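> Sharing a structure below in structure tokens format, with a few things to ask.
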Amino acid sequence: MASSSSFVNLLASQGSVDLDSLETPLFSTQSPQESSVKERRKWSVKEDLILIGAWLNTSKDSIVSNEQKGAAFWKRIVENYNSSPLLVGTVPRELGQCKQRWARINDLVCKFAGCYDMALREQRSGQNDNDVMKAALDIFYNDKGIKFNLEHAWRELRHDVKWCSTYMEKDKDKRKKS
């Protein structure tokens, strides 16, 4: 029979993980004393908007255009992001953090744009923009099983060609022909 001094409480050695968080936690195989992994920081709305601006500015740079490799592209985005005067006094984000956050924003905003298109197609007489938005949020929740919490990002990106509503474009074309 093992003595009580050889007992190791494995549950006490594990860090806690927020299961409701939409962000990926950082794990280390090192002990807490040896760990060089920085503490995970959540992204604020302000940080998201600065990252979106950095991505848009870098991707639409007419001088460099598409004559850059992925690593150079992301290096420019991170430099643009970290040099924002709105982030003075904060810890700079690293390339991997920015790239991972952008992937999350891009994925969810693209999915929400499809839900918004569907809500626009189903819009009935008398419904306003708020009704369409509520319907789009409901469609997203029913399809994906999570609440869409990046409305600020969608509002920033929705007029860009990549995320622009196809329904709105068709509607605009109809008005031009009239």
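With the first letter of the sequence shown counted as 1, position 24 gets the number 21 in the numbering used here; the numbers rise by one all the way through. Idealized CB from N, CA, C, for every residue including glycine. All figures in this text were calculated on a predicted structure; none of them were measured in a lab.
1. Quick one: residues in its chain with C-beta nearer than 8 Å to the C-beta of ILE47, no 5 flanking neighbours on either side, listed in chain order?
2. Measuring alpha carbon to alpha carbon, tell me which residue in GLN94, CYS95, ALA116, ASP128 is nearest ILE136.
3. For LEU105 versus LEU147, is the C-beta spacing smaller than 7 Å?
4. What are the boundary residues of the alpha helix (DSSP H) that includes GLN124?
5. Please say whether CYS112 and ALA133 have beta carbons closer to each other than 7 Å?
6. Span of the alpha helix (DSSP H) holding VAL85?
7. Kindly list the residues whose CB is nearer than 7 Å to the CB of ARG98, restricted to its own chain and excluding five residues on each side of it in sequence; keep chain order.
8. Using the Cβ count rule (16 or more neighbours within 10 Å means buried), how would you classify THR87?
9. Mind reading off the beta-carbon distance from ASP45 to ALA150? Whole number of angstroms is fine, and I expect it under 8 Å.
10. Count the other CB atoms within 10 Å of the CB of LEU74; is the residue buried (16 or more) or exposed (fewer)?
11. Within its chain, find whatever has a CB closer than 7 Å to the CB of LYS159; leave out the 5 residues flanking it on each side and keep chain order.
12. Taking the alpha helix (DSSP H) that ARG73 falls in, what are its first and last residues?
13. Is the separation between the beta-carbon of TYR138 and that of LYS131 shorter than 7 Å?
14. Would you call ALA100 buried or exposed, if buried means 16 or more other Cβ atoms sit within 10 Å of its Cβ?
15. Look at the alpha carbon of GLN94 and the alpha carbon of SER122, and state the distance between them as a whole number of angstroms.
16. Alpha carbon to alpha carbon, what distance is there between ALA68 and GLU119?
17. Helix, strand or coil for LYS141? Go by DSSP, reduced to three states.
18. So, is ARG38 buried or exposed, given that buried needs 16 or more other C-beta atoms within 10 angstroms?
Judging by the given coordinates:
1. TYR78, SER81, LEU83, LEU84
2. ALA116
3. yes
4. Counting along the chain, GLN124 falls outside any alpha helix (DSSP H), and DSSP gives it neither H nor E.
5. yes
6. Counting along the chain, VAL85 falls outside any alpha helix (DSSP H), and DSSP gives it neither H nor E.
7. TRP40, LEU48
8. exposed
9. 6 Å
10. The question names Leu, but residue 74 is Ile in the sequence shown. Under this definition ILE74 is a buried residue.
11. none
12. 67 to 79
13. no
14. exposed
15. 44 Å
16. 42 Å
17. helix
18. exposed
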